[in-house]
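Protein chains in written order, with this note's numbering: chain A, 118 to 285; chain B, 118 to 285.
Laid out in C-alpha cells, this is it:
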C-alpha cells in the first residue's frame, strides 16, 4: 500500500513514501539471450513516484546470484550507486571490489570504464542507483556482442557490427 | 582515510568509497543573515569523488535542531532525498511530514512547491540528496526575502525586489 493510494487530499503526487512500498519491476529491456542474465534483479522507480524527469533513482534489489546489468559504460550519462544492504561485488576494468552498506561508487559519462554489480552472497543486496537523462547516450558492453542507443524514447540494441537485435 | 589516498595504482578517481570517509563541508553560500539558519548542517559531496558532473549527490547530516536549507523551490532542476538515519521533518506547502529511514521524497523542477528538511529530534539525521545541473535554474524562497540565480558558475542572491545581496 503506497502513500499515494491512501492520500485523501488527492494531490497529484505523494509528499514522501517508504521506498520499499513502491511496486518493483522485474522486467529487462535487453534482447535475448541477455535478458536472462539479469533474472533475480528488481527495480523500484523512486524518482518517477514524484514526477522527476531530469534523472532517475531506482532502489535495485539483487537476489543471491543476480547481476545488476551486463557490464557497461555510458557515453553521455553519469551513474551513481549507494549500497543500502548486503555485500555486492563491483566489477570494473580495474577488477573486483567488494562493497558493503554505506559504500558508494560513481561512473562518469564518457570515461569508458564499464561496470556492473554482482551478488555472489546468500543474502539480498539493495542499493540506490541514480542516472541522468542527458540525450544522445550510447552504451557499450565490452564483454558482450551488444551496443545500445536511446532512439525515439526507447533503447535499441545492436550487435557490435551494427546489425539490430529484434525489438522486444 | 579514503580509498583514493591509499590507492597505489594512482588512478585519477576511486573505484568506490565509504561515504562517511568523504570529508564534510560545513559552509553555506547563503548571504547573511540566512547562512546562520543552516548552522549544524554538513555535506559530503559523493558524486564529486568520482568526477560526476550531470548531477550531484550529497550525504547531508543535520545535527539536532539543524535545517537542510531555507524552504525553496527550483525552476529547472529536480531534487530527491532518501533518509538513511534519523527522523527529519519535511516541510512543504502541504505542511509537515515526519520521515524515517528508508523514506524518500522528490521535488520536480518547476512545481513551485517549496521544501526543506528540519531535524527537531535529539539524534543526528543523515540523508542522501540528489540534484541535477540543468542550466538556467532559479530558486525561490517563499518564506524569506531571497531569490537565487546560478550565473557564471556560481549562485547569486537577490532580495525579492531584485537588489543583490553583497557577494560573499
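Quick reminder that beta carbons are idealized off the backbone N, C-alpha and C, glycines included.
For a cut-off of 8 Å, the C-beta gap from residue 206 of chain B to residue 221 of chain B is around 15 Å, too long to register as a contact. For the pair residue 262 of chain A and residue 235 of chain A, the Cα-to-Cα distance works out to about 20 Å. Residue-level contact by beta carbon holds for residue 223 of chain A and chain B, with a gap shorter than 7 Å. Within the model, the alpha-carbon separation for residue 217 of chain B versus residue 180 of chain A is close to 25 Å. By the CB criterion at 7 Å, residue 173 of chain A and residue 164 of chain A fall inside the cutoff. For residue 248 of chain A, the uninterrupted beta strand (DSSP E) segment begins and ends at 242-249. Of all residues in the region 238-253 of chain A, those with a C-beta nearer than 8 Å to a C-beta of chain B are 245, 247, 249, 251, reading in chain order. Within the region 166-182 of chain B, the residues whose Cβ lies closer than 7 Å to any Cβ of chain A are, in chain order, 166, 167, 168, 169, 170, 171, 172, 174. At a cut-off of 7 Å between beta carbons, residue 155 of chain A makes no contact with chain B. Contact of residue 229 of chain B with chain A is not assigned, every C-beta pair being separated by 7 Å or more. In the DSSP assignment, residue 234 of chain B is bridged to B/207. Look at the beta carbons and you see the region 232-249 of chain B not touching the region 143-156 of chain A: under three pairs across the two are nearer than 8 Å.
Membership of residue 179 of chain A in the beta strand (DSSP E) is indicated by the continuous run 172-179. By alpha-carbon distance to residue 158 of chain A, the top candidate from A/170, A/175, A/169, A/167 is A/175. Taking the beta carbon of residue 207 of chain B as reference, the chain A residues within 8 Å of it are 132, 133, listed in sequence order. Annotation: residue 276 of chain A to residue 270 of chain A spans about 20 Å, alpha carbon to alpha carbon.
Taking the Cα positions, residue 189 of chain B is about 8 Å away from residue 260 of chain B. Relative to residue 137 of chain B, the option among B/213, B/167, B/162 whose CA is nearest is B/162. With respect to the C-alpha of residue 211 of chain A, the residue from A/200, A/224, A/202, A/219 having the closest C-alpha is A/224. Neighbours of residue 194 of chain A in chain B, taken as residues whose beta carbon is under 9 Å from its own, are 171 in chain order.
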